[in-house]
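Numbered per mature numbering (1 follows the signal peptide of the UniProt record, and there is no 0), the sequence shown spans residues -27 to -1, 1 to 74.
Written out below as structure tokens is the structure these notes cover.
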Amino acid sequence: MRTSSLLFAAVAIAIAVAAIFAAAAAADTELGRWAVAATGLPGLTFDRVTDGEKQVVAGVSYRLTLEASSSGAKDGRYEAVVYEQAGGSNSRKLVSFEPIH
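Structure (structure tokens):
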């Protein structure tokens, strides 16, 4: 009986951890799409986020490594820094968006 209880607990923890990572990946993807759109560069299309970090300060600062493509140009890697203010105001600012060479 004890073994089945431990197995159940382990499975529940694994499912919870997987859900947390999936939610974080979805948030990174949404921020990456927003960052590419915020550049205002014509024809630049978000492809995917390859890495991401966040730092909590008076809000949250995100540093994303992402891939984007442009019509007539080859795909590129970029580093985007996005700042979100605290307090639920849901205001974002694109701090920087630079190509990675």
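Don't be surprised by glycine CBs; every beta carbon is placed ideally from N, CA and C.
Computed from a predicted structure; not experimentally measured.
R36 versus R(-26) - alpha carbon distance: Counting from one through the sequence shown, the residue named residue 36 turns up at place 63. Counting from one through the sequence shown, the residue named residue -26 turns up at place 2. Looking at the two C-alpha atoms, the distance is approximately 44 Å.
Inter-residue spacing [alpha-carbon to alpha-carbon] between E40 and Y56: The residue given as residue 40 occupies position 67 in the sequence shown. The residue given as residue 56 occupies position 83 in the sequence shown. Taking the straight line joining both Cα atoms gives about 19 Å.
DSSP three-state assignment for A31, whether helix, strand or coil: Walking along the sequence shown from the start, residue 31 turns up at place 58. Reduced to three states, the DSSP call for A31 is coil.
Three-state class that DSSP yields for G49 in the structure shown: Position 76 of the sequence shown, counted from the start, is the residue given in the question as residue 49. DSSP places G49 in strand when its eight states are reduced to three.
Limits of the unbroken beta strand (DSSP E) element including S44: Position 71 of the sequence shown, counting from 1, holds the residue named residue 44. Note, S44: premise wrong, no beta strand (DSSP E); not H, not E.
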